[in-house]
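Asker: Read the sequence shown against the working numbering and you will find it ends at 328, with the numbers running on by one and no gaps. Note that beta-carbon positions come from the ideal geometry of N, C-alpha and C, so glycine has one too. Pasting in a structure now, in structure tokens, and then I'll have a few things to ask.
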Amino acid sequence: MLSSPFSIYRNAMEPLAAQEIERQMQSLPEDIIKSINKGEAIAYALNRLPPLYATTQEGWHWQHQRAKETLQPLISKAASWAIRAVQRKPSKFSTPLSANSTFEVA
Numbered sequence: 223m224l225s226s227p228f229s230i231y232r233n234a235m236e237p238l239a240a241q242e243i244e245r246q247m248q249s250l251p252e253d254i255i256k257s258i259n260k261g262e263a264i265a266y267a268l269n270r271l272p273p274l275y276a277t278t279q280e281g282w283h284w285q286h287q288r289a290k291e292t293l294q295p296l297i298s299k300a301a302s303w304a305i306r307a308v309q310r311k312p313s314k315f316s317t318p319l320s321a322n323s324t325f326e327v328a
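Laid out in structure tokens, this is it:
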């Protein structure tokens, strides 16, 4: 079983991907918006974007700003791909993660 990490780490790309998914979904018809699992769309986009992890507030802000300045076109494309993908394919798995889920690595 994985023990708790000694330091906290965050991916500065996560809020940028989530914001872009939100922004693009605002232009969609209401029935399509209701059919999209936003969490799946965000995960899909993040799996196509570079991770930008940080362990300090300064590092997180630096990574976040760097991504906004240099990766916005890629973030927009990944969000667009994600929205289309989750519209086309229903989820293969149905049990959502919880905030306090723990996993064992074999």
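1) Please classify GLU280 as buried or exposed, where buried requires at least 16 other C-beta atoms within 10 Å of its C-beta.
2) Taking the beta carbon of LEU319 as the centre, do at least 16 other beta carbons fall within 10 Å, making it buried, or is it exposed?
3) Alpha carbon to alpha carbon, how far is ASP253 from LEU296? Give it in angstroms, no decimals.
4) How big is the Cα-Cα spacing for ALA276 and SER257?
5) Under the three-state reduction of DSSP, which class applies to ALA289: helix, strand or coil?
6) Mapping the DSSP letters down to three states, classify ALA276 as helix, strand or coil.
7) Can you tell me whether ASN269 is buried or exposed, with buried defined as 16 or more other CB within 10 angstroms of its CB?
8) With distances taken Cα to Cα, identify the nearest neighbour of MET247 among LYS311, ALA301, ALA321 and MET235.
9) Compare the C-beta of PRO295 with all C-beta atoms of chain B and state if any pair is closer than 9 Å.
Answerer: Well, looking at it:
1) Mapped onto the sequence shown, residue 280 falls at position 58. It counts as exposed.
2) Counted from its first residue, the sequence shown places residue 319 at position 97. Label assigned to LEU319: exposed.
3) Stepping through the sequence shown from its first residue, residue 296 is reached at position 74. Stepping through the sequence shown from its first residue, residue 253 is reached at position 31. Straight-line Cα distance between these residues: approximately 27 Å.
4) Numbered from 1 along the sequence shown, position 54 holds the residue referred to as residue 276. Numbered from 1 along the sequence shown, position 35 holds the residue referred to as residue 257. Cα to Cα, ALA276 sits roughly 33 Å from SER257.
5) Residue mapping note: residue 289 aligns to position 67 of the sequence shown, counting from 1. Helix, per DSSP.
6) Within the sequence shown, the letter at position 54 stands for residue 276. Here ALA276 sits in strand by DSSP.
7) Translated into the one-based positions of the sequence shown, residue 269 becomes position 47. Looking at its Cβ environment, which holds fewer than 16 other Cβ atoms inside 10 Å, ASN269 is exposed.
8) Within the sequence shown, the letter at position 25 stands for residue 247. Among LYS311, ALA301, ALA321 and MET235, the Cα nearest to that of MET247 belongs to ALA301.
9) Structure shown: chain B not included; a single protein chain is present.
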